[in-house]
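For the sequence shown, position 62 (counting from the first letter as 1) is numbered 66 according to the numbering used here, and the numbering increases by one without interruption. All C-beta atoms, glycine included, are put in the ideal place defined by N, C-alpha and C. Owing to the predicted nature of the structure, the values given are computational and were not obtained by experimental measurement. Structure, as structure tokens:
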Amino acid sequence: MKRLHKILPIALLSLTVTGLNINAQVANANTTKQPIQIAQNSQAASYYQEAVRLLDAKKYREAIAVINKVIVIEPNNQNAYYLRGICYQYLEQQQQAKADFTNVIKLDPTFPYGYLSRGVSNYLLRENNSAIQDFKTAADLFTKVGDTKMAETALRFAKRVQE
Numbered sequence: 005m006k007r008l009h010k011i012l013p014i015a016l017l018s019l020t021v022t023g024l025n026i027n028a029q030v031a032n033a034n035t036t037k038q039p040i041q042i043a044q045n046s047q048a049a050s051y052y053q054e055a056v057r058l059l060d061a062k063k064y065r066e067a068i069a070v071i072n073k074v075i076v077i078e079p080n081n082q083n084a085y086y087l088r089g090i091c092y093q094y095l096e097q098q099q100q101a102k103a104d105f106t107n108v109i110k111l112d113p114t115f116p117y118g119y120l121s122r123g124v125s126n127y128l129l130r131e132n133n134s135a136i137q138d139f140k141t142a143a144d145l146f147t148k149v150g151d152t153k154m155a156e157t158a159l160r161f162a163k164r165v166q167e
């Protein structure tokens with residue numbers, strides 16, 4: 005279990021960031037598969053892109069400061085909360101990350117990466133039952149949008165947390 009505690013978060017963060025393609029448009033996890041905009045406001049979109057560059061440069065605190073500007077401009081921007089949650093995870097601030105992923109889920113309950121990422125935070129907070137539920141929900145949502153590889157991955161992680 006100790007080894008899993010170190011490996012699982014890194015693997016999931018890698019899958020989450022890779023799967024989300026935050027450098028382009030975020031894929032909306034609904035049945036229409038329509039891309040969603042990063043931000044409605046051009047200034048917010050500019051801040052968002054800067055935050056992505058800072059995240060890529062591993063400047064997580066700076067990225068959070070910039071993404072906070074997006075949230076001030078667009079308080080219902082799920083992409084901003086998601087990106088900030090990823091930054092908090094890298095900073096090992098799981099309560100803050102969990103809160104952001106919960107906001108993502110409230111804004112779009114069909115977005116599987118919100119559940120997957122919150123599952124990571126729940127796992128790191130040793131809230132295993134919540135982590136398992138989030139991973140299973142993510143798997144269901146990935147299945148609905150036809151991403152069987154990610155669905156299988158989410159279920160595999162749920163199973164490992166159960167063990």
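Keeping to the same chain, check which residues put their C-beta closer than 6 Å to that of residue i; ignore five residues upstream and five downstream.
i       : result
Tyr-86  : Val-108
Ile-42  : Ala-49, Tyr-52, Asn-83
Asp-112 : Gln-82
Ala-168 : Because the chain is modelled from 5 through 167, residue 168 falls outside the range shown and cannot be assessed.
Ala-101 : Gly-89, Tyr-92, Gln-93, Ser-125
Do you know whose CA, among the options, lies nearest residue i's CA?
i       : options                           : result
Gln-83  : Tyr-64, Gly-150, Asn-126, Tyr-117 : It is worth fixing the name first, because residue 83 is Asn in this sequence and not Gln. For the residues Tyr-64, Gly-150, Asn-126, Tyr-117, the minimum Cα distance to Asn-83 belongs to Tyr-117.
Asp-138 : Asp-104, Lys-153, Gln-93, Leu-159 : Leu-159
Ile-75  : Leu-128, Thr-147, Asp-104         : Asp-104
Val-70  : Asn-80, Lys-62, Glu-131, Arg-88   : Arg-88
Ser-134 : Asn-80, Val-165, Lys-63, Tyr-64   : Val-165
Ala-128 : Asn-72, Leu-95, Lys-153           : It is worth fixing the name first, because residue 128 is Leu in this sequence and not Ala. Of the candidates Asn-72, Leu-95, Lys-153, the one whose C-alpha sits nearest the C-alpha of Leu-128 is Leu-95.
Using DSSP with H/G/I as helix, E/B as strand and the rest coil, what is residue i?
i       : result
Thr-141 : helix
Ala-43  : coil
Gln-166 : helix
Ala-158 : helix
Ala-49  : helix
Ala-61  : coil
Between which residues of its own chain and residue i is the CB-CB distance below 7 Å, once the five residues before and five after are set aside?
i       : result
Ala-67  : Ala-55, Leu-58, Leu-59, Cys-91
Gly-150 : none
Once you ignore the five residues that flank residue i on each side, which residues in its own chain have a CB closer than 8 Å to its CB?
i       : result
Lys-140 : Ala-158, Leu-159, Ala-162
Glu-131 : none
Glu-78  : Ala-43, Gln-44, Asn-45, Ala-48, Ala-84
message: If we require 4 or more residues per run, which alpha helix (DSSP H) segments fall completely within the region 64-152?
response: 64-77, 82-94, 98-111, 116-128, 132-148
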